[in-house]
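Residue numbers (this note's numbering): 121 to 492.
Okay, here's the thing in structure tokens:
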């Protein structure tokens, strides 16, 4: 669903709202992680049966419950989400006009660099938006829709900024999947927490991440809108905080020994800092090419899913289901190295500019709309 969410945000929202929605979407993922881990820990905790001689665990209920929630989400998506605002049966005329004006009558630049907007290839003041005619809007929409029918694959694959998003996404997900699948094992076998406590404590860092992601998004928006930093540098800083923070945190956890308090606090801080990714590479796809953000997210998320396969496999191979802290240090070291590699690539490759191959109004001159 991630590519579809990214595409919908790029299709129907203004630039400023796109970033807010990305933060809200990722906040939903984090809240789901918190609820899922806590609830799974509660359901899987062995309890004494009524006969007083055996223990029972409702681990199978977690599969039925979460699977049912997924099916319910699919049903809601089918009835609520539509291909275009014009096809939505419950949209008001005022809202439809606002969306069309924002998308097709106005092509905004970053607030940090200019207060002007471009309407139908002519620079006008913001007040002239009301004078746009339906024919001009339809003409603009037709031009852009025609441009969107063909994905510029060669230009996309040659784009250095695209590879930055891909690398950041993959290295971020290596730590994310390794931690989300293996933190319960670490807390149980190394730190000695019970199953129910394990679920709550494993979920706590993602609650911190959800809160910090909203704060990072708010600060990022303020920095861009007030012209303090360009879009590119906001994306770079957020990627560095997310990837650099988790890398440092994982190394520290490996050398805190079996201290429960220190380990939980470091996990909470490091995983919390990963919330900056919502205002980093996750939002960067719509900086580069809003109309192709779904394609970019599909490509990067496809590759970034591989760490979800190989990360846990590496944990099982290295730790061999043991409680040896030295083995876990290897796992944390690999994740930290990959995260720092992603942060370093980000510094040299990330861009916040609208790419010329993704902008129909700038195909001729190859310039970029958004600031570096």
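Just so you know, even glycine gets a beta-carbon here, dropped at the ideal spot from N, CA and C.
Only a predicted model underlies this, so the values are computations on that prediction, with no experimental measurement involved.
Would you kindly work out how many angstroms separate the C-alpha atoms of residue i and residue j, rounded to a whole number?
{"i": "residue 226", "j": "residue 373", "result": "For residue 226, the predicted model reports a pLDDT of 44, less than 50, meaning its position is unreliable; a value from the coordinates is still stated below. Roughly 49 Å between the two C-alpha positions."}
{"i": "residue 247", "j": "residue 218", "result": "Confidence at residue 247 is low in this model, with a pLDDT of 47, below 50, so the placement of that residue should be treated as unreliable; the coordinate-derived value is given next. Rounded to the nearest angstrom, the two C-alpha atoms are 14 Å apart."}
{"i": "residue 112", "j": "residue 469", "result": "Here the chain covers residues 121 to 492 and nothing more, so residue 112 does not appear."}
{"i": "residue 461", "j": "residue 291", "result": "8 Å"}
{"i": "residue 444", "j": "residue 281", "result": "40 Å"}
{"i": "residue 486", "j": "residue 474", "result": "With a pLDDT of 47 at residue 486, under the threshold of 50, the predicted position of this residue should be treated as unreliable, and no value is reported."}
{"i": "residue 328", "j": "residue 381", "result": "16 Å"}
{"i": "residue 153", "j": "residue 276", "result": "32 Å"}
{"i": "residue 283", "j": "residue 178", "result": "44 Å"}
{"i": "residue 196", "j": "residue 425", "result": "25 Å"}
{"i": "residue 417", "j": "residue 288", "result": "12 Å"}
{"i": "residue 449", "j": "residue 367", "result": "12 Å"}
{"i": "residue 463", "j": "residue 364", "result": "6 Å"}
{"i": "residue 393", "j": "residue 335", "result": "11 Å"}
{"i": "residue 201", "j": "residue 208", "result": "8 Å"}
{"i": "residue 245", "j": "residue 458", "result": "Because the pLDDT of residue 245 is 46, which lies under 50, any placement of that residue in the model is unreliable, and the question is left without a value."}
{"i": "residue 351", "j": "residue 342", "result": "11 Å"}
{"i": "residue 437", "j": "residue 451", "result": "10 Å"}
{"i": "residue 238", "j": "residue 411", "result": "In this predicted model, residue 238 has a pLDDT of only 39, less than 50, meaning its place in the structure is not dependable; the value taken from the coordinates is given anyway. One C-alpha to the other measures close to 18 Å."}
{"i": "residue 184", "j": "residue 439", "result": "30 Å"}
{"i": "residue 273", "j": "residue 293", "result": "24 Å"}
{"i": "residue 326", "j": "residue 354", "result": "23 Å"}
{"i": "residue 324", "j": "residue 192", "result": "26 Å"}
{"i": "residue 206", "j": "residue 442", "result": "58 Å"}
{"i": "residue 186", "j": "residue 163", "result": "12 Å"}
{"i": "residue 211", "j": "residue 467", "result": "42 Å"}
{"i": "residue 479", "j": "residue 407", "result": "11 Å"}
{"i": "residue 337", "j": "residue 388", "result": "19 Å"}
{"i": "residue 318", "j": "residue 456", "result": "23 Å"}
{"i": "residue 446", "j": "residue 453", "result": "11 Å"}
{"i": "residue 301", "j": "residue 215", "result": "42 Å"}
{"i": "residue 471", "j": "residue 180", "result": "46 Å"}
{"i": "residue 279", "j": "residue 409", "result": "11 Å"}
{"i": "residue 423", "j": "residue 465", "result": "17 Å"}
{"i": "residue 198", "j": "residue 148", "result": "19 Å"}
{"i": "residue 194", "j": "residue 379", "result": "43 Å"}
{"i": "residue 309", "j": "residue 156", "result": "21 Å"}
{"i": "residue 476", "j": "residue 203", "result": "25 Å"}
{"i": "residue 397", "j": "residue 158", "result": "23 Å"}
{"i": "residue 383", "j": "residue 395", "result": "19 Å"}
May I ask which residues mark the beginning and end of the alpha helix (DSSP H) holding residue i?
{"i": "residue 399", "result": "Unbroken run through residue 399: none, as it is neither H nor E."}
{"i": "residue 180", "result": "179-200"}
{"i": "residue 211", "result": "From DSSP, residue 211 is part of no alpha helix (DSSP H); its letter is neither H nor E."}
{"i": "residue 356", "result": "351-374"}
{"i": "residue 278", "result": "273-278"}
My guess is that residue i and residue j are in contact by the Cβ rule of under 8 Å, so how many angstroms apart are they, rounded?
{"i": "residue 339", "j": "residue 322", "result": "No, residue 339 and residue 322 are not in contact; Cβ-Cβ is about 28 Å, not under 8 Å."}
{"i": "residue 370", "j": "residue 295", "result": "7 Å"}
{"i": "residue 428", "j": "residue 306", "result": "That belief does not hold up - the Cβ atoms of residue 428 and residue 306 are roughly 17 Å apart, past 8 Å."}
{"i": "residue 413", "j": "residue 420", "result": "11 Å between Cβ atoms; not a contact."}
{"i": "residue 271", "j": "residue 415", "result": "6 Å"}
{"i": "residue 299", "j": "residue 391", "result": "6 Å"}
{"i": "residue 100", "j": "residue 189", "result": "What the structure shows of the chain is the stretch from 121 to 492, and residue 100 is not part of that stretch, so it cannot be assessed."}
{"i": "residue 213", "j": "residue 182", "result": "Not a contact, Cβ separation roughly 46 Å."}
Just to confirm, does residue i get its C-beta within under 7 Å of one of the non-hydrogen atoms of the ligand MN?
{"i": "residue 196", "result": "As presented, the structure is devoid of all ligands, the ligand MN included, so that no description of it is given."}
At the 8 Å Cβ level, is residue i part of the contact set with chain B, yes or no?
{"i": "residue 460", "result": "No chain B is part of this structure, which consists of one protein chain only."}
Original post:
Between the stretch 344-351 and the stretch 369-387, do at least 3 Cβ pairs fall closer than 8 Å?
Top reply: no
Original post:
Can you find at least 3 beta carbon pairs, one from the stretch 309-329 and one from the stretch 424-436, that sit closer than 8 Å?
Top reply: Contact fails: fewer than three Cβ-Cβ distances are below 8 Å.
Original post:
Does the stretch 357-364 come close enough to the stretch 398-413 that 3 or more CB-CB pairs lie under 8 Å?
Top reply: Taking 8 Å as the limit for Cβ pairs, the verdict is that the stretch 357-364 does touch the stretch 398-413.
**OP:** Scan the stretch 294-335 and note each continuous alpha helix (DSSP H) run of 4 residues or more that stays entirely inside, going in chain order.
**Re:** none
Original post:
Where in the stretch 423-463 do unbroken runs of the beta strand (DSSP E), each at least 3 residues long, occur, reported from the N-terminal end onward?
Top reply: none
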